[in-house]
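Trainee:
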Amino acid sequence: MAVLFPIADGGKQASAFETMTESWFAMIEFDNVTKIYDNGTVGLRNINLTIREGELVVIVGLSGAGKSTFLRSINRLTDISSGDIRVNGQSVTRASGSQLRRIRRDIGMIFQIFNLVKRSTVIRNVLSGRVGYHSTLRTLLGWFPKQDVELSLDALQRVNIREKAYVRSDQLSSGQQQRVSIARALAQEARVILADEPVASLDPLTTRQVMEDLKRINRDMNITTVINLHFIDLAREYATRIIGLRAGEVVFDGTPEEATDEAFAEIYGRPVQQDELLGGA
Amino acid sequence: MKPNTKPAPGKTSGSAFRSRIRFALIALIVIVVYYWSIQGVRFEGIQGTAGTVSKSILQGFLHPDWSFVYIPEGEDLLRGLLDTLVISILGTVIAAVVCIPFAFCASTNMSRGLAVSGSGKILLSVIRVFPEIIVAILFIKAVGPGSFAGVLALGIHSVGMLGKLYSETIENIDRGPQEALIASGANRLQVLRYAVLPQVIPQFLSYSLYRFEINIRSATTLGLVGAGGIGTPLIFALQVRNWNRVGIILLGIIALVVVTDLVSGWIRKRIT
Amino acid sequence: MKTTVSPASPNPAAPGMEAPRKYKQIAGWIVLVAMIVACSIRTEATPYQLIVGLPQMGSLLQDMFPPDWSYLPTIWGPMMETLQIAILGTTLGALLAVPVALLCASNLGISRWVSLPTRMVLNLVRTIPDLLFAAIFVAVFGIGPFAGMLALVFFSFGIIAKLTFEAIEAIDPGPLEAMSAVGANRLQIIMYGVVPQALPYFMSYLLYTFEVNVRAAAVLGLVGAGGIGLLLDRSLGLFRYDRAAIIILLTLAIVLVIDYGSTMIRRKLL
Chain F
2 MAVLFPIADG GKQASAFETM TESWFAMIEF DNVTKIYDNG TVGLRNINLT IREGELVVIV
62 GLSGAGKSTF LRSINRLTDI SSGDIRVNGQ SVTRASGSQL RRIRRDIGMI FQIFNLVKRS
122 TVIRNVLSGR VGYHSTLRTL LGWFPKQDVE LSLDALQRVN IREKAYVRSD QLSSGQQQRV
182 SIARALAQEA RVILADEPVA SLDPLTTRQV MEDLKRINRD MNITTVINLH FIDLAREYAT
242 RIIGLRAGEV VFDGTPEEAT DEAFAEIYGR PVQQDELLGG A
Chain W
-2 MKPNTKPAPG KTSGSAFRSR IRFALIALIV IVVYYWSIQG VRFEGIQGTA GTVSKSILQG
58 FLHPDWSFVY IPEGEDLLRG LLDTLVISIL GTVIAAVVCI PFAFCASTNM SRGLAVSGSG
118 KILLSVIRVF PEIIVAILFI KAVGPGSFAG VLALGIHSVG MLGKLYSETI ENIDRGPQEA
178 LIASGANRLQ VLRYAVLPQV IPQFLSYSLY RFEINIRSAT TLGLVGAGGI GTPLIFALQV
238 RNWNRVGIIL LGIIALVVVT DLVSGWIRKR IT
Chain X
153 MKTTVSPASP NPAAPGMEAP RKYKQIAGWI VLVAMIVACS IRTEATPYQL IVGLPQMGSL
213 LQDMFPPDWS YLPTIWGPMM ETLQIAILGT TLGALLAVPV ALLCASNLGI SRWVSLPTRM
273 VLNLVRTIPD LLFAAIFVAV FGIGPFAGML ALVFFSFGII AKLTFEAIEA IDPGPLEAMS
333 AVGANRLQII MYGVVPQALP YFMSYLLYTF EVNVRAAAVL GLVGAGGIGL LLDRSLGLFR
393 YDRAAIIILL TLAIVLVIDY GSTMIRRKLL
C-alpha cells in the first residue's frame, strides 16, 4: 500500500503546491489489530486504518476506550494480540531486538507526566533521545558527538527554551518540561511523534502553547503526529483528522468539520460534558 | 499503633476481649523475658577495687599522655588515627562500588523474576549477619594482622549494609524516564545509564557517606582484634592499665569522629 | 556530564545558556582517585595480596569445617548470657534515652541553652566505640556480663537518643498546639501530643538497636565483658577453629532469628 512520493524534508514551510499534492505515503498502518488483556478485557477490537505522513491525528474517546492502548501499540510499548502494525513500511509487530529499537528511534513519544530525568539538565535529557544512534559503549561513556549537541540545542530552540539548556530539569515549569520532551523527540529526528495526553497536566495557557508547538512542528517538518486528547475543542482546533474510539473500536474517522457535537455524543455514548471543553484562553 | 476499632453493638465482648487477651499475653512474655535476663546478669556487687580503679581511670583521663600524640620514629596517635581513617575510606569506597551489582540483583524491578531478586536479598542478608569483628578475625587469619584485614572486613560487611539500602533506593525510582528511553529506542544498558543511574546515584552517595561515618567508629574497634588502626595501641594501653594513654587515645578517637562527621555531613548536604 | 562543546551564546548572562566549567569536576575526580591510591598504598591493600592470601583463607575454612557440634552444649549458656546482656542493655539504654531525647528536641519549647549542650554530650557519647566502654567497665566492675551490659547501656543510649530526637523534631505540631489550647502544661503536652506520635518510631529504633546489640554483645567477650565472646577468643587462641566455627554459626542463627522477628514487629509498628 505504500506509495512512494515522500515530500518530507525538515524545516521547509509547506508551500501551497505541496499541500495540494499531499503525499500518500502510509506512515502508520493498522492491519486487523486486536488487543485482549490478560483479564479478558478487550483493549482494541479489529482496528484497520492507515495514517498518512504529515497528518496530525487526534484520538478521542472516554477513558478506557483504548486511546492509550492504540498509541502505545504503535511503538510496541504495549504488545498486541493479533494483527500487524507497520510504521514506515516496517512491521513493528514482527520486529525484534535491535530492529525494534531502530524503529523506535524514529518514533518520538511524549507523555502526560513528561518522563524527564528530574535531576539531569535539560540538554542531557534531550541528548538521551540520541542514544539509539550510537554504539552502546559510546553512549555509556556519554560521548555524544558535536553534531548531536548542536542538534539538541536546535531542537530546544524550536520549542523556544534554548536558554534553559543547562538548567536542571526539575527547576522548570510543567509547560517548559513538556517542551523539553518535545525537543527530545525532535532530537531523535523522529518521523512520527506520539503524544499520550500531553496537555492533561497543564494549565489552559500552557496547553495552547504546547499544542501550537506540536502543530507547528507537524506543519514545518512534516512529522506525522498522533495525539490522545480528551479536550474536544482542542481536537477540533488542531487536528487534521479525528479518530474516535469507543470500547476499543473505531466509531468515528473524519475531519474536524465532520466532528460535530452529535458525532462526539456518538463517540462517548452520551452528550458532551463541560469538563471536556478547554474553553477560551 | 494498634488501631482502636469500636466493636459493633452486637459484638461488644468478642474483639475487645480478644485484644485484651493478646495484650496480656504480650505483657506476660515481656515480663518473663526480663526476669530471665535480670537473673542472668547478676550484679556481682561493687568490687573492692572498683573505687580505686575508677579513681585511677579518672586521673588518667584528666591527664592524657600528650607525648603519645607524635613519636617521630614509631607508632603514635596520629599514625594510628591516620590508619583508622584510611581503613574506613578504602573499605567504604570499595564496598560502595562492589555492592552495586548485588543491589541491582536484589531489586525487584531490575531483575527478571522473583527468584533472582529473592536470592539477591538473601545473599545480602547473609553478608550482613556476620558481625564485622568476626569477619575481621577471619581475615586476619588469612591475610595476616594489619590494615588490610580491616579493609576487607569493613568492605564486606558494608557491601551487605549498603547493598540493602541501595536496592531499596532502586526499587523506589520513578519508572517514567525508563519508559521514555525505551520508547526512543535505547537498549537495556542505555536505559540503565540514562534513566536509572541519574536517579539513584545521589542517594547512593548519601548512603555511602552515612556508612563511612559508621565505619570510622567500627574501624577503631577493629584494631582491638589486630586489624590495624588506632585499636591496636588502644588494646595494649588497656591491658597494661595505662589510663593516661587510654585517655589521649580516647580524645584522638573523639576528635577523628567529630571531624569526619562534620566533613561527611557537609558533603552530604552538597549533593542532595 | 561530558558535553563536548559550548556554542557561542547570544545571551551569556542567562544561567542556562552555557555548559558549566568542567574544571571543578575533573579536579574532584583526580582528588578522589589520588586518595584511593594513597589509601591502598598505606594499607598495603592490593589485589595481589588478596590473591596470595586466598589459599590461607582456604585452609582456615578447611579447619573450620566440620564445626565441632559437641561444643554446642558448652556454648549455649554463654550464648544466652549474650542475649541477656543485649536485652537489658538495650532496655536500660532506651529508658535513659527518653528524657535526653526530649531535652534535645528543638521543637518542644526547650531553651537552646539546654538542648544544644545536651546534643553535644550525646554526640560525644556516640563517638566512643562499644568495645572501649566494655573494656573500661571490665576494669572497674570486673570480668563478667555486668560490665558488658553497662557498655551496651551507654551504646544504646547514644543511638536511640539521637534517632528519637530526630523523630520528635519531625512530628506534626498540630496535636501539640491543640493540647496547649486546652490548657495542658508542658508534661501533659508531651504525654498526649508528642508521645503518641513518637512512640512507634521509638519502639522501632529500640528493636533496631537490639539487633545491633545482639551482634555487639557477641563480641564484647573479647575484652572480658561476658557472653560468647570469651569462648570465641579462647577457641581462636587454641587454634580450635572448629569450635570457633560452631560459635560463629550459633551467633549467626540467633542474629538471623532476631533480625527477622524484629523486622516483622517493626513493620507492624509503622
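Residue numbers (this note's numbering), protein chains in the order written: chain F, 2 to 282; chain W, -2 to 269; chain X, 153 to 422.
Glycine included, each C-beta is placed from N, C-alpha and C at the ideal position.
1) Hey, does residue 413/X have any beta-carbon neighbour from chain W nearer than 8 angstroms?
2) Taking only runs that begin and end inside the segment 240 to 312 of chain X, name each unbroken beta strand (DSSP E) of 3 or more residues, in chain order.
3) Identify each residue in the segment 293 to 306 of chain X for which the Cβ-Cβ distance to at least one residue of chain W is less than 9 angstroms, and report them in chain order.
4) Quick one: which residues of the segment 173 to 185 of chain W get their C-beta closer than 8 angstroms to a C-beta of chain F? List them in chain order.
5) Are there three or more Cβ pairs, one per stretch, closer than 8 angstroms when the segment 120 to 137 of chain W is compared with the segment 51 to 68 of chain W?
6) Can you check which of these residues, 110/W, 81/W and 159/W, is closest to residue 98/W by C-alpha distance?
7) I need the boundaries of the beta strand (DSSP E) containing residue 31/F, first residue and last residue.
8) Using the Cα positions of residue 22/F and residue 119/F, report the straight-line distance between them to the nearest angstrom.
9) Could you give the DSSP three-state label for residue 20/F: helix, strand or coil?
10) Alpha carbons only, please: which of 71/F, 53/F, 29/F and 195/F is nearest the one belonging to residue 250/F?
11) In chain order, what residues of the same chain have a beta carbon less than 6 angstroms from the beta carbon of residue 278/X, not counting five sequence neighbours either side?
12) Can you say whether residue 25/W is buried or exposed, counting buried as having 16 or more other CB atoms within 10 angstroms of its CB?
13) Less than 8 angstroms between CB atoms is the rule here; does residue 168/F satisfy it with respect to chain X?
14) Considering only the beta carbon of each residue, do residue 245/W and residue 50/W sit closer than 8 angstroms?
15) Count the other C-beta atoms from every protein chain shown that fall within 10 angstroms of the C-beta of residue 149/F, then say buried if there are 16 or more, exposed otherwise.
16) I'd like to know whether the C-beta of residue 204/W is nearer than 8 angstroms to at least one C-beta of chain F.
17) Could you give the DSSP three-state label for residue 242/F: helix, strand or coil?
18) Within 10 angstroms of its Cβ, does residue 271/F collect 16 or more other Cβ (buried), or is it exposed?
19) Could you give the first and the last residue of the continuous beta strand (DSSP E) run that contains residue 84/F?
20) Taking the continuous beta strand (DSSP E) assigned at residue 110/F, which residues delimit it?
21) Quick one: is residue 175/X buried, meaning 16 or more other Cβ sit within 10 Å of its Cβ, or exposed?
22) Could you compute how far the alpha carbon of residue 339/X sits from the alpha carbon of residue 251/X?
23) Which same chain residues end up closer than 8 angstroms to residue 211/F when comparing Cβ atoms and leaving out the 5 residues on each side of it in sequence?
24) Can you tell which of 254/X, 261/X and 288/X has its C-alpha closest to the C-alpha of residue 274/X?
25) Which residues in the same chain as residue 164/W place their Cβ atom closer than 6 angstroms to its Cβ, once the five residues preceding and following it in sequence are excluded?
26) Going along chain X in order, which residues have a C-beta closer than 8 angstroms to the C-beta of residue 262/W?
27) Going along chain F in order, which residues have a C-beta closer than 7 angstroms to the C-beta of residue 199/W?
28) Let's see if you can read the secondary structure: which residues bound the alpha helix (DSSP H) around residue 181/F?
29) In the DSSP assignment, find the alpha helix (DSSP H) that holds residue 221/F and state where it starts and stops.
30) Please state whether DSSP places residue 362/X in a helix, a strand or coil.
31) Return the first residue and the last residue of the alpha helix (DSSP H) that residue 166/W is part of.
32) What in chain F is Cβ-close to residue 230/W, meaning under 7 angstroms?
33) Kindly list the residues whose CB is nearer than 8 angstroms to the CB of residue 95/F, restricted to its own chain and excluding five residues on each side of it in sequence; keep chain order.
34) Which residues of chain X have a Cβ atom closer than 8 angstroms to the Cβ of residue 218/W, listed in chain order?
35) Closer than 7 angstroms by beta-carbon distance: list the chain W residues that pair up with residue 192/X, in chain order.
Mentor: In short:
1) Working through the third sequence from its first residue, we reach residue 413/X at position 261. For residue 413/X, no Cβ of chain W is located within less than 8 angstroms of the residue's own Cβ.
2) none
3) 293, 294, 296, 297, 298, 300 and 301
4) 173, 174, 176, 177, 178, 179, 180, 181, 182, 183 and 184
5) no
6) By one-based count along the second sequence, residue 98/W stands at place 101. For the residues 110/W, 81/W and 159/W, the minimum Cα distance to residue 98/W belongs to 159/W.
7) Your numbering for residue 31/F matches position 30 in the first sequence. From DSSP, the beta strand (DSSP E) with residue 31/F extends over 27 to 37.
8) For the purposes of this step, residue 22/F is identified with residue 21 of the first sequence, where counting begins at 1. For the purposes of this step, residue 119/F is identified with residue 118 of the first sequence, where counting begins at 1. Confidence at residue 22/F is low in this model, with a pLDDT of 47, below 50, so its placement is unreliable and no value can be given for it.
9) As a working note, residue 20/F is residue 19 in the first sequence. Because the pLDDT of residue 20/F is 48, which lies under 50, any placement of that residue in the model is unreliable, and the number read from its coordinates should be weighed accordingly. It is helical.
10) Mapped onto the first sequence, residue 250/F falls at position 249. Closest by alpha carbon: 71/F.
11) Within the third sequence, the letter at position 126 stands for residue 278/X. Cβ within range, chain order: 310.
12) The residue given as residue 25/W occupies position 28 in the second sequence. Per the 10 Å Cβ criterion, exposed.
13) Sequence index remark: in the first sequence, residue 168/F carries index 167 (1-based). With 8 angstroms as the cut-off, residue 168/F counts as an interface residue toward chain X.
14) What you label residue 245/W is simply residue 248 of the second sequence in a count that begins at 1. What you label residue 50/W is simply residue 53 of the second sequence in a count that begins at 1. Against a cut-off of 8 angstroms, the Cβ pair of residue 50/W and residue 245/W comes out as no contact.
15) Here the question's residue 149/F lines up with position 148 in the first sequence. So residue 149/F counts as buried.
16) What you label residue 204/W is simply residue 207 of the second sequence in a count that begins at 1. With 8 angstroms as the cut-off, residue 204/W does not count as an interface residue toward chain F.
17) The count along the first sequence starts at 1 and reaches residue 242/F at position 241. Of the three classes helix, strand and coil, the one that applies to residue 242/F here is strand, per DSSP.
18) To locate residue 271/F, count along the first sequence from 1; it is residue 270. Burial call: exposed.
19) As a working note, residue 84/F is residue 83 in the first sequence. Residues 83 to 88.
20) Within the first sequence, residue 110/F is the residue found at index 109, counting from 1. Note, residue 110/F: beta strand (DSSP E), 108 to 111.
21) The count along the third sequence starts at 1 and reaches residue 175/X at position 23. Classification of residue 175/X: exposed, given that the 10 Å Cβ count is below 16.
22) Here residue 339/X refers to the residue found at position 187 of the third sequence. Here residue 251/X refers to the residue found at position 99 of the third sequence. Their backbone Cα atoms lie some 11 angstroms apart in a straight line.
23) Here residue 211/F refers to the residue found at position 210 when the first sequence is read from its first residue. Within the same chain, Cβ atoms closer than 8 angstroms to the Cβ of residue 211/F are found at 176, 179, 180, 183, 199, 200 and 203, the five residues on either side in sequence being excluded.
24) Here residue 274/X refers to the residue found at position 122 when the third sequence is read from its first residue. Cα-wise, what sits closest to residue 274/X is 254/X.
25) Translated into the one-based positions of the second sequence, residue 164/W becomes position 167. Listed in chain order, the non-local C-beta contacts of residue 164/W below 6 angstroms within the same chain comprise 100, 103 and 104, local neighbours out to five positions each way being set aside.
26) Taking the second sequence and counting its residues from 1, one reaches residue 262/W at position 265. Simply none; closest approach about 11 angstroms.
27) Residue numbering aside, residue 199/W sits at position 202 when the second sequence is read from its first letter. 120, listed in chain order.
28) Working through the first sequence from its first residue, we reach residue 181/F at position 180. That run of the alpha helix (DSSP H) goes 175 to 188.
29) Indexing the first sequence from 1 puts residue 221/F at position 220. In this chain, the alpha helix (DSSP H) harbouring residue 221/F covers 205 to 222.
30) Taking the third sequence and counting its residues from 1, the one referred to as residue 362/X is at position 210. Helix, per DSSP.
31) The residue given as residue 166/W occupies position 169 in the second sequence. Start and end: 144 to 168.
32) Taking the first residue of the second sequence as position 1, residue 230/W is located at position 233. Per Cβ cutoff of 7 angstroms: no residues; residue 230/W is ~45 angstroms from chain F at best.
33) Stepping through the first sequence from its first residue, residue 95/F is reached at position 94. Excluding sequence positions up to five before and after residue 95/F, its CB lies within less than 8 angstroms of the CB of 85, all in the same chain and listed in chain order.
34) Translated into the one-based positions of the second sequence, residue 218/W becomes position 221. Those within 8 angstroms of residue 218/W in chain X are 281, 282, 283 and 284.
35) Your numbering for residue 192/X matches position 40 in the third sequence. Within 7 angstroms Cβ-Cβ: 87.
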